[in-house]
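Working notes, structure below.
2 protein chains.
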Amino acid sequence: MQAQKGRASRGGDGRHKKAAAKARSPAGRRSRGNGAGLSREAIVDAALDLIDREGLDAVSFRRLGEELGCEAMSLYHYLPSKAHLMDAVIDQVIGGLEVPPPGSDWIARVRQAAWNYRAMALGHPRLYPLIAVHRLNTRVGVRKLDQVLGLFREGGFDDATAARLFRDFGYYITGAALDETAGYAKGPSAAEPVSETEIARHCPNLAASAPYFKPQHFEETFRQGLELLLEGMARLRRSKAR
Amino acid sequence: MQAQKGRASRGGDGRHKKAAAKARSPAGRRSRGNGAGLSREAIVDAALDLIDREGLDAVSFRRLGEELGCEAMSLYHYLPSKAHLMDAVIDQVIGGLEVPPPGSDWIARVRQAAWNYRAMALGHPRLYPLIAVHRLNTRVGVRKLDQVLGLFREGGFDDATAARLFRDFGYYITGAALDETAGYAKGPSAAEPVSETEIARHCPNLAASAPYFKPQHFEETFRQGLELLLEGMARLRRSKAR
DNA sequence: GCGGCGCACTTACGGTGTAAGGTTGCGGGA
DNA sequence: TCCCGCAACCTTACACCGTAAGTGCGCCGC
Chain A
0 MQAQKGRASR GGDGRHKKAA AKARSPAGRR SRGNGAGLSR EAIVDAALDL IDREGLDAVS
60 FRRLGEELGC EAMSLYHYLP SKAHLMDAVI DQVIGGLEVP PPGSDWIARV RQAAWNYRAM
120 ALGHPRLYPL IAVHRLNTRV GVRKLDQVLG LFREGGFDDA TAARLFRDFG YYITGAALDE
180 TAGYAKGPSA AEPVSETEIA RHCPNLAASA PYFKPQHFEE TFRQGLELLL EGMARLRRSK
240 AR
Chain B
0 MQAQKGRASR GGDGRHKKAA AKARSPAGRR SRGNGAGLSR EAIVDAALDL IDREGLDAVS
60 FRRLGEELGC EAMSLYHYLP SKAHLMDAVI DQVIGGLEVP PPGSDWIARV RQAAWNYRAM
120 ALGHPRLYPL IAVHRLNTRV GVRKLDQVLG LFREGGFDDA TAARLFRDFG YYITGAALDE
180 TAGYAKGPSA AEPVSETEIA RHCPNLAASA PYFKPQHFEE TFRQGLELLL EGMARLRRSK
240 AR
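Which chain is which? The protein sequence lines are A and B, in order.
Counted the way numbering that gives the first Met the number 0 counts, the first sequence spans residues 0 to 241.
Counted the way numbering that gives the first Met the number 0 counts, the second sequence spans residues 0 to 241.
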C-alpha cells in the first residue's frame with residue numbers, strides 16, 4: 000500500500016548464483032503437463048491439514064508448495080490469493096456442518112445445531128479462531144446461515160423476533176466455541192500467564208473457581224448456558240402465542 | 000523458528016554507503032538523549048490510534064516508527080516484541096473497562112457490565128476481533144476477570160454454578176461484540192458478498208429477515224438475548240434458593 | 001574532564017504475499 | 001506430419017514484515 004516513494008531502482012547487477020537447487024525432492028515424475036497432480040481441492044485439503052497439525056501461522060504458499068511437492072507460485076493457478084484459500088478452507092468446514100432438517104420439535108433442532116457447531120469447532124481448534132472472526136460471505140456460508148435461521152422462523156415467532164433470536168443464538172455458540180478453542184492461555188499473548196501465587200493473592204474469585212474452569216467442565220458449562228437460552232426462547236414463544 | 004542451519008557468517012565487509020538519509024522529515028529536534036520523546040505509553044497510544052484509524056494490518060514497527068518520528072528498531076527499547084505491544088494495547092483498553100462495584104442488585108450489575116463491555120468493543124471495532132481471540136493473561140486482564148466473576152459469586156450461587164454462569168455470560172457478550180465489530184461483510188474474506196438476487200433466490204429466510212440485520216437493530220438484538228440470559232439466571236437463582 | 005550508560009540508529013537475515021514473465025509438453029486443427 | 005495454443009508449472013523480483021546484532025551520540029554523576 001501507499002506506493003511508498005517508488006524506488007524503481009532496477010539494478011539488475013547480475014550475481015546470479017546459478018542455484019545449486021536441483022533434483023527437487025518428492026513427486027519424482029514431473030511430466031509437466033499434468034505432473035504434480037495439483038488441484039484446488041488438494042490444496043485446500045493440504046491447507047486444512049496443515050492448520051490442524053501446526054496452526055494458522057504455519058500456512059504460507061511456500062510451505063504449502065513444499066507440502067504438495069510444487070513451487071509456491073503454482074498454487075496461484077488454482078487460487079487467486081491467500082485470502083481466497085482461507086475462504087475455501089473455511090467453506091469446506093462450514094459446508095460439513097449439519098443442520099437438523101425440518102421437523103416437529105424446533106427447540107430440539109436448535110439444540111442439536113448448537114452441539115453440532117461446537118463439535119465442528121472442537122474438531123478444528125486451531126482453525127476456529129479464524130472462523131469466528133471471518134464472516135460467511137460465500138455461497139456455502141450464506142446458505143448455512145439460511146438453514147439455521149429457518150429453524151427459528153419455524154418456531155413461530157414474528158420475523159423480527161426470529162431474526163433477533165437467531166443472532167443471539169449465534170452470539171452464544173460462537174463465543175463458546177471461541178473460548179473453548181482459543182481459551183485462557185491458548186490465544187496469542189506474549190506475556191506468560193500470571194503466576195498461580197499472584198492469582199491466589201489478588202484474585203480470590205478466580206482462585207476459588209479455578210477447578211471449574213478446567214476442560215472437563217466445558218461441556219457442562221456449554222450445556223447450562225445453552226439450556227438457559229433455549230428455555231428463555233421457549234418461554235418467549237409461549238408468552239407470544241398466548 | 001526452527002534454527003534453520005545457523006549461517007553465522009559475520010562478514011562485516013564494510014561498504015558503508017554512509018546513507019543519504021538525512022534530516023528525517025518530522026520531529027525536527029532530535030537531540031538524541033531524550034529527543035523523540037519516546038515512551039512505552041506513547042507507543043501504545045500510537046498503536047491503538049493507528050488501529051482505530053486503519054485497522055490491525057496497518058500496525059508494524061516500521062509504520063509506528065514513522066508515526067512517532069523514529070526508527071522501527073528504537074521501539075524495541077520499550078517493548079520486547081510486537082506480541083508484547085499488542086498485549087499492552089489490549090491491556091489499555093481492557094483496563095478502562097468499568098465493572099460495577101459491589102452493591103445490592105447483582106443482576107443489574109451484571110447487566111451494566113455487559114453494556115460496558117459492548118461499548119468498549121464498539122469504541123474500538125477494528126481492534127476488537129483481536130481482543131476476542133486474545134486471552135487475558137496479563138495482570139490487568141486476570142484482575143478484570145476476577146471482578147466480573149465476583150458479580151456472579153455475589154449472586155449467591157454455589158461455586159460451580161457461579162463459575163459456569165460467568166463463562167456463559169462471557170460467551171454471549173464476546174460473541175455479540177465479535178459479530179457487531181467483525182460482522183457480515185466486515186471480517187476478512189476475499190469473496191465479495193453473495194449478490195442480493197442470489198440470496199433472494201436461494202435463501203428465503205435470510206431475505207425475509209434482512210431488514211432486522213441492519214445496524215439499527217443491533218442494540219435491541221443485544222438487549223433481547225442479554226435479558227433472556229439474565230432472566231434465566233435469576234430463575235435459576237430462585238429455584239436454588241428455594 | 002571523563003566514563004558509563006541510556007536511547008536511538010544502522011545493517012542484515014530469513015521470512016511473507018504476489019506481480020510478471022518464462023518454460024514445458026500435450027491436444028488438436030491444418 | 002507439423003505446429004500452434006494453452007494449461008500447468010517454475011523463476012525471478014519486489015516491497016514489506018519481525019527482529020538479532022552491532023554502532024554511536026549526548027547527557028549524567030563523578
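Cβ coordinates follow ideal geometry from the N, Cα and C atoms, glycine included.
No experiment lies behind these values; they were computed from the predicted model shown.
Got a sec? Which residues, its chain only, sit under 8 Å from Phe-217/B by beta carbon, not counting five neighbours each side? Glu-179
With a cut-off of 7 Å, does the C-beta of Ala-120/A fall near any C-beta of chain B? no
Alpha carbon to alpha carbon, what distance is there between Ile-89/B and Tyr-77/B? 16 Å
Do Lys-143/B and Ile-106/B have their CB atoms nearer than 7 Å? no
Tell me whether the beta-carbon of Ser-103/A lies closer than 7 Å to the beta-carbon of Ala-162/B. no
Strictly under 7 Å for the Cβ-Cβ distance: is Thr-180/B near chain A by that measure? Interface residue (Cβ-Cβ distance to chain A less than 7 Å): Thr-180/B is not classified as such.
Gly-95/A - DSSP class collapsed to helix/strand/coil: coil
Is there a Cβ from chain A that is less than 7 Å from the Cβ of Glu-230/B? yes
How is the alpha helix (DSSP H) around Lys-143/B delimited, first residue to last? 138-152 is the extent of the alpha helix (DSSP H) around Lys-143/B.
For a test of the three-state rule: what should DSSP assign to Pro-79/A, helix, strand or coil? coil
Could you pull out every residue in the same chain whose Cβ sits closer than 7 Å to the Cβ of Glu-226/B, ignoring the five residues on either side in sequence? none
Assuming contact is defined by CB atoms lying nearer than 7 Å, are Thr-173/A and Ala-131/A in contact in what I supplied? yes
Distance, Cα to Cα, Asn-204/B vs Gly-122/A? Taken atom to atom, the span from the alpha-carbon of Asn-204/B to that of Gly-122/A is near 28 Å.
Quick one, are the C-beta atoms of Leu-129/A and Leu-55/A less than 7 Å apart? yes
Assign Ser-188/B to one of two classes, buried (16 or more other C-beta atoms within 10 Å of its C-beta) or exposed (fewer than that). buried
Cβ closer than 7 Å: which chain B residues qualify as neighbours of Leu-55/A? Within chain B, no residue comes near Leu-55/A; the closest Cβ sits about 10 Å away, beyond 7 Å.
Express the C-alpha separation of Gly-182/A and Ala-190/A in angstroms, rounding to a whole number. 15 Å
Partner residues on chain B for Ala-159/A, Cβ-Cβ distance less than 9 Å: Ser-208, Pro-210, Tyr-211, His-216 and Glu-219
Ile-50/A and Ala-110/A - do their beta-carbons sit closer together than 7 Å? Here residue 110/A turns out to be Arg, not Ala, going by the sequence shown. For Arg-110/A and Ile-50/A, no; Cβs fall outside 7 Å.
Please check the pair Gly-154/B and Arg-236/B, which I expect to be a contact at CB under 8 Å, by giving their CB distance rounded to whole angstroms. 6 Å
Kindly indicate the opening and closing residues of the alpha helix (DSSP H) around Val-132/A. From DSSP, the alpha helix (DSSP H) with Val-132/A extends over 127-132.
Inter-residue spacing [alpha-carbon to alpha-carbon] between Ala-233/A and Ala-233/B: About 16 Å.
Decide if Gly-95/A is buried, meaning its Cβ has at least 16 other Cβ atoms within 10 Å, or exposed. Burial state of Gly-95/A is exposed, judged by a 10 Å Cβ sphere holding fewer than 16 other Cβ atoms.
What distance in whole Å lies between the Cβ atoms of Phe-156/A and Leu-148/A, which are believed to be in contact at a cut-off of 8 Å? Their Cβ separation, rounded to whole angstroms, is 11 Å, which puts Leu-148/A and Phe-156/A out of contact at 8 Å.
C-alpha gap between Asn-136/B and Asp-145/A, whole angstroms: 37 Å
Chain A contact residues for Val-109/B, given Cβ-Cβ distances below 9 Å: Result: empty, since nearest Cβ-Cβ is about 13 Å, beyond 9 Å.
Using 10 angstroms around the beta-carbon of Gly-169/A, count the other beta-carbons present and answer buried if the total reaches 16, otherwise exposed. buried
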